[in-house]
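Participant:
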Amino acid sequence: MLGVILGDNKYILLLILALVWGSFFILIKNAVAVFTPYQVGVLRLVIKSLELSAGMFSLWSIPGMIILISTGFFHEFAGTTAQWEGLGYVSILAIVGTATAMILFYKLIQDTTAVFASTVTYLMPIVAIG
Numbered sequence: 290m291l292g293v294i295l296g297d298n299k300y301i302l303l304l305i306l307a308l309v310w311g312s313f314f315i316l317i318k319n320a321v322a323v324f325t326p327y328q329v330g331v332l333r334l335v336i337k338s339l340e341l342s343a344g345m346f347s348l349w350s351i352p353g354m355i356i357l358i359s360t361g362f363f364h365e366f367a368g369t370t371a372q373w374e375g376l377g378y379v380s381i382l383a384i385v386g387t388a389t390a391m392i393l394f395y396k397l398i399q400d401t402t403a404v405f406a407s408t409v410t411y412l413m414p415i416v417a418i419g
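First residue of the sequence shown: 290, per my numbering; consecutive thereafter.
So, in structure tokens, the structure goes:
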């Protein structure tokens with residue numbers, strides 16, 4: 290739809306993306322000047338969780354159920370102790386890992402500049418590949 294609206298000017302989306310991405314670091318720098326990195330991280334996680342749960346439920350609940358039923362998930366997942374334990378560990382890893390990374394990132398922004406923190410995010414893919 291955006292391609293129809295923008296026509297040949299599709300590259301303007303890259304400019305908009307760069308502006309939004311750059312403004313994120315400035316906004317977070319201002320937020321950690323008022324709140325602690327922990328408060329900013331928790332608030333962001335709560336807002337994103339509510340946003341994602343509402344959006345994902347409305348968009349993906351029916352296709353998700355079709356996939357789960359067609360792949361035999363409900364027959365395979367018997368609810369054994371080991372399966373629930375594994376699901377719990379994955380959930381803990383997702384919540385604690387994400388929250389810890391966000392809080393440390395906000396602490397980095399608080400202690401340094403927004404430009405330095407943005408450099409860290411640009412270097413992560415290079416480190417991950419290398």
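Glycine residues also receive a C-beta, built at the ideal position from the N, C-alpha and C atoms.
Please determine, among Phe-363, Glu-365, Asn-298, Thr-389, the residue with the shortest C-alpha to C-alpha distance to Pro-326.
Facilitator: Comparing Cα-Cα distances from Pro-326 to each of Phe-363, Glu-365, Asn-298, Thr-389, the minimum goes to Thr-389.
Participant: Helix, strand or coil for Lys-318? Go by DSSP, reduced to three states.
Facilitator: Helix at Lys-318.
Participant: With the cut-off set at 8 Å, would you say Met-391 and Leu-334 are in Cβ contact?
Facilitator: Yes, the pair counts as a contact, with Cβ atoms nearer than the cut-off.
Participant: In angstroms, rounded to a whole number, what distance separates the CA positions of Gly-386 and Lys-318?
Facilitator: If you take the alpha carbons of Gly-386 and Lys-318, they lie about 22 Å apart.
Participant: Taking the alpha carbon of Gln-328 as the reference point, which residue from Phe-394, Gly-353, Gly-375, Val-409 has its own alpha carbon closest?
Facilitator: The shortest Cα separation from Gln-328 among Phe-394, Gly-353, Gly-375, Val-409 belongs to Phe-394.
Participant: Pick out whichever of Ala-403, Val-409, Ile-418, Thr-369 has its Cα sitting closest to the Cα of Phe-237.
Facilitator: Since the first and last residues shown for the chain are 290 and 419, residue 237 lies out of range.
Participant: Pull up the distance between the alpha-carbon of Ala-371 and that of Lys-396, whole angstroms please.
Facilitator: Going from the Cα of Ala-371 to the Cα of Lys-396 covers about 37 Å.
Participant: Using the rule of at least 16 other Cβ atoms within 10 Å of the residue's Cβ for burial, across every protein chain shown, is Val-321 buried or exposed?
Facilitator: Buried: at least 16 other Cβ atoms inside 10 Å.
Participant: Could I get the ranges of all uninterrupted beta strand (DSSP E) runs contained in the region 360–392, with 3 residues as the minimum, in chain order?
Facilitator: The region 360–392 contains no whole beta strand (DSSP E) run of 3 or more residues.
Participant: Let me confirm a value: Ile-398 is counted as buried when at least 16 other C-beta atoms fall within 10 Å, else exposed. Which label applies?
Facilitator: Flag for Ile-398 reads buried.
Participant: What does the alpha-carbon distance come out to for the pair Ala-367 and Ser-347?
Facilitator: If you take the alpha carbons of Ala-367 and Ser-347, they lie about 27 Å apart.
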